[in-house]
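Novice:
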Amino acid sequence: AAAVGGASGDLHAKTLPRSAPVRLTIPSIGVDTGPLVGLGVDAHGALEVPRRFEQAGWYTPGPAPGQYGPAVIAGHVDSTTGPAVFYRLGALHKDAIVTVRRADGSTARFTVDRVATYRKRAFPTSSVYGDTTHRAELRLITCGGPFDARTGHYDDNVVAYAHLL
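In the numbering used here, the protein residues as written are 9 to 173.
1. Looking only at C-alpha atoms, which of Leu173, Val167, Leu146 and Phe131 sits nearest to histidine 84?
2. Counting pairs of beta carbons, one from the region 54-65 and one from the region 74-91, are three or more of them closer than 8 Å?
3. Measuring alpha carbon to alpha carbon, tell me which residue in Thr41, Arg158 and Arg147 is nearest tyrosine 76.
4. Determine the burial state of aspartate 152: buried for a count of at least 16 other Cβ atoms within 10 Å of its Cβ, exposed for fewer.
5. To the nearest angstrom, how far is the alpha carbon of phenylalanine 118 from that of tryptophan 66?
6. Is it the case that the Cβ atoms of threonine 125 and valine 93 are separated by a distance below 7 Å?
7. Relative to the C-alpha of alanine 28, which candidate in Phe61, Ala116 and Ser135 has its C-alpha closest?
8. Find the nearest neighbour of aspartate 156 within the set Arg143, Pro25, Ile34 and Lys128, judged by alpha-carbon distance.
9. Would a C-beta distance cut-off of 7 Å place glycine 70 and alanine 144 closer than the cut-off?
10. When we look at the beta-carbon of proline 185 and count the other beta-carbons within 10 Å, is it buried (16 or more) or exposed?
11. Taking the continuous beta strand (DSSP E) assigned at valine 108, which residues delimit it?
12. In the DSSP assignment, find the unbroken beta strand (DSSP E) run with valine 49 in it and report its ends.
13. Under a Cβ-count criterion, where at least 16 other Cβ atoms within 10 Å of its own Cβ denotes burial, should glycine 38 be classed as buried or exposed?
14. For proline 174, I'd like the list of residues in its chain whose CB is within less than 7 Å of its CB, leaving aside the five on either flank, ordered along the chain.
15. What's the C-alpha gap between glycine 13 and valine 120?
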């Protein structure tokens, strides 16, 4: 597969044509998603999550990885049986490489800018899903923070921010 990428950080940064992502890898934390699934929004307007814990999914109404704006890929942190696909996302460091294989045979390479944890009830929707940098970006999202046994959910979300190389 051909590697592709573009300049970053300016209004004229190169982007890639739309092509669905098919697999994501993050060697520094041992992530290989296997085939990605498509995600939309649920009845409450929230991002859907993959049905299976070992899967990650791409928010299909948004940009594809490599296109202008923030492409979003989400996955579970764990399940009742152990770690899930994005279990180590919170351990990701600045400058780590994230590789996305695309349906057109190309590979988009991203570098991590930062990782942040947000309370779900104060989630910064516009900075995660909105175009804040005028370039091709990637957001990786999972759960984190304390687990609330009463609700069966984590209190926080972990978000990794990356840009196209």
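Glycine residues also receive a C-beta, built at the ideal position from the N, C-alpha and C atoms.
Computed from a prediction, not measured in an experiment: that's the story for all the values here.
Specialist: Inspection of the coordinates gives the following:
1. Val167
2. yes
3. Arg147
4. Position check: residue 152 holds glycine in this sequence, whereas aspartate was assumed. Buried: at least 16 other Cβ atoms inside 10 Å.
5. 15 Å
6. no
7. Ala116
8. Lys128
9. no
10. The requested residue 185 does not occur in the structure, where the chain is confined to residues 9 to 173.
11. 105-110
12. Careful: valine 49 lies outside any beta strand (DSSP E) and carries neither H nor E.
13. exposed
14. Since the first residue of the chain shown is 9 and the last is 173, residue 174 is not available in this structure.
15. For glycine 13, the pLDDT reaches just 39, beneath the cut-off of 50, and the residue's location in the model is therefore unreliable, leaving the point undetermined.
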